[in-house]
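Residue numbers (my numbering): 13 to 585.
Even glycine gets a Cβ: it sits at the ideal position worked out from N, Cα and C.
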């Protein structure tokens, strides 16, 4: 019988085993065997890890974490891993988006076995990131996850997708050189690469060495923030998310932006000095939430609009996440902020993945991604063989979620997050960003309005386009958007238990559906309607046109990275 220490590694080795099975069968066996191997590989690599991870929940409740060393090495020289509540949450977040996105990709594409193998390799890297207690191993796993992402973005084999992938590759790889420099610096100072060893080594340093350690920590933090896409480190994301296949866009926005951020919590534990960075990062997240949603409102391309919203919503998460670290995770305020931050990250992963898949389906049917000219999307979907308006239904579930309207999950996560920020200027800024979110989704939703122009007939050879697998992926995400709202007390209790924060357990429906929260929701909705009216007016259209023209170039990616490092150093030193 496998021990808990062996079971904790299953989210790493099972996806790799599934990927190996798929690639071997692809190379040496006929088509029928390859197809069977692909489905078996997915069951092994995606379904089994979720079941095993959930089976360890009672153990975490009792012990708090499971610690192990890879291989049979001693802890002092081996690569250490720690599976705790945060690890479980990160792994479950990845699975909740990856599984529906893979199902969707079966018919929409990319549907080949190499794509499935890459997804499994990426999930193995995500699990390793969630559990590693070694700084160099964190670098390796981030790079494996990044390499898989580069290939997935380019998997449509279109020129613009390949260019977007190359841009992301260049800036990300360049940034990770600085991560390595920071790792080397901490190793020189502490003589260790494990989190525990580095923390012990840094604790006895003098003032000058502590400043050097802080510089090394900055070099670690900024490259990870680039992958999180906090402004001004987010320019790579627009092309990467908008040009990638729809299933890849869903995974990028739903998973790959969140995992590095929550892994960064462990980096912040290396030195008490790193806490000084948390407040500036919270400010950056708040400003990101507002600026990105204004850019989203200015977009004409539907997927670029969604890409900017990914940046905006991660701004919400970083705003609460940074304040949680500033107050301290052991405090009531810090524990509530961290729970609210993760809850919104999880809810955003679900509804943003659903948005990318549903909007991708609708715009493909219309043959147009321009929100100003595309109309009658639902009629086109019906003409192509969709008997029930499931795509439109799923879109509106996701749109109502991101605009924080009850009873969908975004209402509960945003309400809890903004409540935890109440009293600070962040609360005001995020409330304004919420109204702008409503306005931009009113704009996007117009693609489903009836078209005044007759639709061109579709060639019969292209029908049907709506197999069960396409709708199943959409419906899985839609159901999770609803259920995480309906069962919010249980979800928050689960998150709070895993994070070891009992303060997160006491938020039931009565907390969310009180008069102040409902009034705030009404004001946000009204503000969004008024802002949309301003945006479609002639003066508003001119302002939005100028905002849209501010989009940065490839060289601005490197300027933004250098500016972020310089800004943090100025604030800290």
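Using only alpha-carbon positions, find the residue among the options that is nearest to residue i.
{"i": "residue 48", "options": "124, 257 and 427", "result": "124"}
{"i": "residue 90", "options": "301, 98 and 81", "result": "81"}
{"i": "residue 277", "options": "233, 576, 370 and 182", "result": "233"}
{"i": "residue 405", "options": "387, 457, 422 and 333", "result": "457"}
{"i": "residue 242", "options": "325, 27, 164 and 441", "result": "325"}
{"i": "residue 482", "options": "403, 558 and 449", "result": "403"}
{"i": "residue 60", "options": "416, 332, 43 and 27", "result": "27"}
{"i": "residue 280", "options": "522, 487, 228 and 318", "result": "228"}
{"i": "residue 22", "options": "321, 51, 57 and 431", "result": "57"}
{"i": "residue 297", "options": "266, 334 and 284", "result": "334"}
{"i": "residue 6", "options": "285, 421, 386 and 294", "result": "For the chain, the structure presents residues 13 to 585; residue 6 sits outside this window and is missing."}
{"i": "residue 564", "options": "36, 173, 244 and 144", "result": "244"}
{"i": "residue 99", "options": "120, 112 and 139", "result": "139"}
{"i": "residue 148", "options": "506, 176, 195 and 200", "result": "195"}
{"i": "residue 132", "options": "206, 50 and 76", "result": "50"}
{"i": "residue 307", "options": "112, 349, 72 and 451", "result": "451"}
{"i": "residue 393", "options": "377, 560 and 314", "result": "377"}
{"i": "residue 380", "options": "459, 435 and 330", "result": "459"}
{"i": "residue 533", "options": "301, 523, 418 and 436", "result": "418"}
{"i": "residue 313", "options": "581, 383, 531 and 443", "result": "383"}
{"i": "residue 240", "options": "323, 231, 207 and 230", "result": "323"}
{"i": "residue 536", "options": "442, 358, 552 and 399", "result": "442"}
{"i": "residue 16", "options": "71, 42 and 24", "result": "71"}
{"i": "residue 30", "options": "135, 254 and 212", "result": "135"}
{"i": "residue 371", "options": "152, 25, 316 and 33", "result": "316"}
With a 10 Å radius around its C-beta and 16 neighbouring C-beta atoms as the bar for buried, classify residue i as buried or exposed.
{"i": "residue 578", "result": "exposed"}
{"i": "residue 573", "result": "buried"}
{"i": "residue 527", "result": "exposed"}
{"i": "residue 364", "result": "buried"}
{"i": "residue 342", "result": "exposed"}
{"i": "residue 102", "result": "buried"}
{"i": "residue 571", "result": "exposed"}
{"i": "residue 327", "result": "buried"}
{"i": "residue 607", "result": "In the structure as shown, the chain begins at 13 and stops at 585. Residue 607 is therefore absent and cannot be evaluated."}
{"i": "residue 502", "result": "exposed"}
{"i": "residue 122", "result": "buried"}
{"i": "residue 114", "result": "buried"}
{"i": "residue 311", "result": "buried"}
{"i": "residue 557", "result": "exposed"}
{"i": "residue 172", "result": "exposed"}
{"i": "residue 73", "result": "exposed"}
{"i": "residue 63", "result": "exposed"}
{"i": "residue 541", "result": "exposed"}
{"i": "residue 270", "result": "buried"}
{"i": "residue 177", "result": "buried"}
{"i": "residue 45", "result": "exposed"}
{"i": "residue 2", "result": "Beyond the ends of the chain as shown, which are 13 and 585, falls residue 2; an answer cannot be given."}
Throw me the rounded Cβ distance for the residue i and residue j pair, which I believe falls under 8 Å.
{"i": "residue 425", "j": "residue 493", "result": "That belief does not hold up - the Cβ atoms of residue 425 and residue 493 are roughly 11 Å apart, past 8 Å."}
{"i": "residue 463", "j": "residue 512", "result": "With a Cβ gap of about 54 Å, residue 463 and residue 512 do not count as contacting."}
{"i": "residue 110", "j": "residue 53", "result": "So it is not a contact: roughly 13 Å between Cβ atoms."}
{"i": "residue 272", "j": "residue 236", "result": "5 Å"}
{"i": "residue 238", "j": "residue 183", "result": "7 Å"}
{"i": "residue 259", "j": "residue 116", "result": "5 Å"}
{"i": "residue 486", "j": "residue 318", "result": "That belief does not hold up - the Cβ atoms of residue 486 and residue 318 are roughly 15 Å apart, past 8 Å."}
{"i": "residue 361", "j": "residue 105", "result": "6 Å"}
{"i": "residue 78", "j": "residue 157", "result": "In fact, because the Cβ distance is near 22 Å, the residues do not count as touching under 8 Å."}
{"i": "residue 179", "j": "residue 251", "result": "6 Å"}
{"i": "residue 356", "j": "residue 429", "result": "5 Å"}
{"i": "residue 510", "j": "residue 432", "result": "18 Å between Cβ atoms; not a contact."}
{"i": "residue 581", "j": "residue 289", "result": "Not really, about 10 Å apart at Cβ, beyond 8 Å."}
{"i": "residue 206", "j": "residue 145", "result": "6 Å"}
So the alpha helix (DSSP H) residue i belongs to, where does it begin and stop?
{"i": "residue 408", "result": "402-414"}
{"i": "residue 355", "result": "344-378"}
{"i": "residue 89", "result": "Note, residue 89: premise wrong, no alpha helix (DSSP H); not H, not E."}
{"i": "residue 34", "result": "22-40"}
{"i": "residue 241", "result": "Element bounds for residue 241: n/a, residue is neither H nor E."}
{"i": "residue 431", "result": "421-432"}
{"i": "residue 144", "result": "No alpha helix (DSSP H) holds residue 144; DSSP gives it neither H nor E."}
{"i": "residue 382", "result": "Neither: residue 382 is in no alpha helix (DSSP H) and is coded neither H nor E."}
{"i": "residue 399", "result": "Neither: residue 399 is in no alpha helix (DSSP H) and is coded neither H nor E."}
{"i": "residue 66", "result": "60-67"}
{"i": "residue 418", "result": "That residue, residue 418, is in no alpha helix (DSSP H); it is neither H nor E in DSSP."}
Does the beta-carbon of residue i, which I'm using as the reference point, lie nearer than 6 Å to any heavy atom of the ligand PLP?
{"i": "residue 176", "result": "Of the ligands one can find in the structure shown there are none, so the ligand PLP has no counterpart to examine."}
Can you check whether the C-beta of residue i is within less than 7 Å of a C-beta belonging to chain B?
{"i": "residue 323", "result": "Absent from the structure: chain B. Only one protein chain is present."}
Fully enclosed by the region 243-307, which alpha helix (DSSP H) runs are 4 residues long or longer?
List check, alpha helix (DSSP H) in window: 247-255, 258-263 and 271-280.
Requested in this report: Mind listing, in chain order, the continuous alpha helix (DSSP H) runs of no fewer than 4 residues lying wholly within the region 523-570?
Outcome: The region 523-570 contains, as complete alpha helix (DSSP H) runs of 4+ residues, the segments 527-547 and 550-560 (chain order).
> What residue ranges within the region 71-139 form continuous beta strand (DSSP E) runs of no fewer than 3 residues, ordered along the chain?
Replying inline: Listed in chain order, the complete beta strand (DSSP E) runs (minimum 3 residues) inside the region 71-139 are 77-81 and 92-96.
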